[in-house]
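The letter at position 532 of the sequence shown is residue 1440 when you use this note's numbering, and the numbering goes up by one with no holes. A virtual CB, placed ideally from N, CA and C, is assigned to each residue, including glycine. A quick note: this is a predicted structure, and the numbers were derived from the prediction, not measured. This report refers to the structure that appears directly beneath it.
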Amino acid sequence: MTQSTRRISPLQVSAVFAVLLPACLFLSASLLLEKGCVSMICPENHGLKDMAKMSIIAFYFWLAMLASLLALAQRTSWGHGHAWKHSHATLHFFGKISYPQILIWLLVLCHQLLQYMYWYNAYRSRSSAPGILPVLQAAYKAIGLNIGIQLSLTLLPTSRGGFLSTLFGIGYDSSLGFHRLSGILTVKLSIIHVALFAAFATLRSGSWESFWRITLMIGASPERMASYRGWLGPAGLVSLLLFIWVAVNSVNWVRRKHYCWFWINHFAVLLAILAAMVHASPMLWYSLPTLAFYIVDSCVRVYNRRRQYTITRLEVEECGYVRLDIGDCHVPASPGQWVSINIPAISKVEWHPFTVANCMPHPSRNGKNNINSNISKSVRTSSSSSSSETQYLLAPTPPPSSELPHLQQQKAGLSLIIKPAPSHASWTQQLVTTWQNLQQSQRQSDPESNIPAPLVIHIDGPHGTLPPRFLRSDTILIVVGGSGIPGGLAIAKSILNNALNSATSYASTITHPPKVLLYWTCRSPAAHDMTLWRELLAHPRAHALLEPHLCITTGKPDSPRLSVPAIIRHLKADHTKTRTVSVYACGPAALMDQVTTQVATLGDVVGDGFETTPQGPYLPPANEEDPMEDEPWAPNNSTPVVSPSNAEHSRRTRIRILMHVEGYGR
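Listed below in structure tokens is the structure:
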């Protein structure tokens, strides 16, 4: 009798690593703190072990207090709180930055300053020698500890598992903005640290030989080269160079044009962190909380990525965009979310992010369609959730009914819209070529088969979230440009399907579905033939709730332009009973700047803030020509898409606005 061997599932492996790796980190840090360290910055070796413990505890306590502050700030009235939280100040270098962001950064800088003063005085008090050398020594060692704190804060927002979004209500784009700025500050502190150490080593020895001997082992003795401590200086220099390399390859141009290169080079951060921990053990102490979060999140993501889905449709439409349908996909994506996809046939390591344009939940495994219970459950979940949207993009497939012909034709799956790059060597072109070759091979092997050959795909996500109660406003205004259309389609279809489901459910609490105003501007003359656009217009509730506007511009002077001020005038005039408006915008920076500027004149913005160009929106003076008028999304007073109304000033009541500006390019 043979015994069957039980295999360890990927979930079990991920769970083991999610527990084991953080435990090892905490154990290592504890041993270093108790037994002493073997790095170049060792507070224990200077009799500062108790002070090191106090500094670590103070940082952990500050981090917990900051997390509590963020969590409480997101759970005040109306989901995101009062208007002051979303007011903005225009700074010369950073552009538009909200008051909460300023407050967070003030707290970060104040804590860093206090930690620096704490360690500077600790190291300075250990030396009574006069002159500049003790000052430089205390300064570079104290800044080295500041680097560990800033590195920890840089790692925290990189979690994509929804930790920040769920607990703090912070959008993924906003958390990435903090991550980028904190990363830049980490690199700058590292450069200052090396510069101060170079000055200290040079002044102490009277030449640069000491600095080169410590950092590059030039002229080092055989004993130093054979010792462990002799290589701690080069480890720090390698860490700095790796951080600089990652920063250079993370600029906006590289992220947009060469995402795969940016993504692969980002893994060099792991080597940089490891080298930094070898160089200075406090790096491990301060990074423990965020490293633990990152490891757990990474284990969960690796487990989720292991599942294989299949591409059942890939079509280059007449408008130039590529529609990609993923069959048997049960990812419960919500409106406004995005996923990263990987096609192993193209590359096993290359991932690309795209906003979800259409999603259907996976049917029940038992094959039954208990739609009434599912709809009732969905409505109860929606009505009971006061802090987040939990509805799927589309409701479960309803039973046969003559009143619901539209949803009967929907299949479980997920749809993405991809704008092809002009280069034939681009990832999108490789995807299209791979699909076409696969279908050609299928036709040659089985000419009578009408079923397309499936292409394997892996999905990471979904990520991101809309502001709380975003889909429950009186009016939903969607302004998108070019390839920013997927998120707008998903939100509009979600509203229409929720309204359609509420009409068939006795448990429905949706009495007044919101009105959806959808504005899309693009250059493609065949944009109206996009299949997902036509499916949206053919929805049974589209005639009652959807007001679509498609502005096709060819770049010529007489082509129509999307007038954002006219959109706001139209909203004021034709929706006089509107008290709450949700605004979703995604597109080029100039369009987003106009939307944020004009929407601010409509009412009190209480959404999740703006994401614009570093210079902020451009406001031309009176009687001055707008320099953006040649852009396809710029206003053109001669041919407005929406006619202005004389009732523009009839409203006196301020409108409450939920604003969400999506990161462009997904």
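In the DSSP annotation of this structure, the continuous segment of the beta strand (DSSP E) that includes L1222 starts and ends at Y1217 to V1224.
Taking C-beta atoms under 8 Å as the contact rule, L1363 and C1237 fail to qualify, at a distance of about 13 Å. For C1459 and S1471, the gap between their C-alpha atoms comes out near 10 Å.
A residue is called buried once 16 or more other Cβ atoms fall within 10 Å of its Cβ, and H1019 is buried on that count. Here A1400 is buried, its C-beta having at least 16 other C-beta atoms within 10 Å. When secondary structure is reduced to three states using DSSP, N1358 falls in the coil class, being assigned neither helix nor strand. The shortest CA-to-CA distance from V1224 to any of H1478, M1438, A975 and A960 is the one to M1438. The Cβ atoms of G1395 and G1228 lie no closer than 8 Å to each other. A buried status is given to Q1058, since no fewer than 16 other beta-carbon atoms sit within 10 Å of its beta-carbon. With a cutoff of 8 Å on beta-carbon distance, L1145 and T1110 are scored as not near each other. Where E1455 is concerned, the enclosing beta strand (DSSP E) starts and stops at L1454 to I1460.
One alpha carbon belongs to V1095, the other to L1061, and they sit about 13 Å apart. Annotation for L1017: the continuous alpha helix (DSSP H) segment containing it runs Y1007 to R1032. Using a Cβ-Cβ distance cut-off of 8 Å, the segment 1135 to 1152 and the segment 1177 to 1191 are in contact, since at least three pairs of beta carbons, one from each stretch, lie closer than that value. Less than 8 Å separates the beta-carbon of W1193 from that of I964.
A direct Cα-to-Cα measurement between P1433 and P1008 gives close to 42 Å. Under the three-state reduction of DSSP, Y1229 is assigned to coil, being neither helix nor strand.
Residues of the same chain with a CB within less than 6 Å of the CB of C1430, apart from the 5 flanking positions on each side, are G1390 in chain order. Fewer than three beta-carbon pairs drawn from the segment 1347 to 1359 and the segment 1201 to 1218 are found closer than 8 Å, and the two stretches are therefore not classed as touching.
The beta carbons of R1221 and P1370 sit no closer together than 8 Å. Inter-residue distance for A1493 and V1507 is about 11 Å (C-alpha atoms, whole angstroms).
Take the alpha-carbon of P1065 and the one of T1505: they are about 28 Å apart. Shown here, F1262 sits in a strand according to DSSP, grouped into three states. The alpha carbon of P1473 has as its nearest neighbour, out of L1499, A1047 and Y1028, the alpha carbon of L1499. Your pair P1448 and L1397 does not check out as a contact, with CB atoms roughly 16 Å apart and the cut at 8 Å.
No residue range can be given for P1375, since it is assigned to no beta strand (DSSP E) and is classified by DSSP as neither H nor E. A Cβ-Cβ contact shorter than 8 Å links S1098 with L1148. Annotated as proximal: I1325 and I1393, with beta-carbon spacing under 8 Å. A direct Cα-to-Cα measurement between F1175 and Y1167 gives close to 13 Å.
Between N1250 and I1365, the C-beta gap is smaller than 8 Å, which places the two residues in contact. When beta bridges are read from the DSSP output, I1325 appears opposite R1231. Pairing I1010 with R1380, the inter-Cα distance amounts to about 29 Å.
For E1258 and S1248, the gap between their C-alpha atoms comes out near 10 Å. According to the DSSP assignment, N1250 belongs to the beta strand (DSSP E) that extends over W1246 to N1250. Approximately 13 Å separates the beta-carbon atoms of Y1026 and A1047; this is outside 8 Å, ruling out the contact. Sixteen is the threshold: when 16 or more other Cβ atoms of the shown chains lie within 10 Å of the Cβ of A1265, as they do, the residue is buried.
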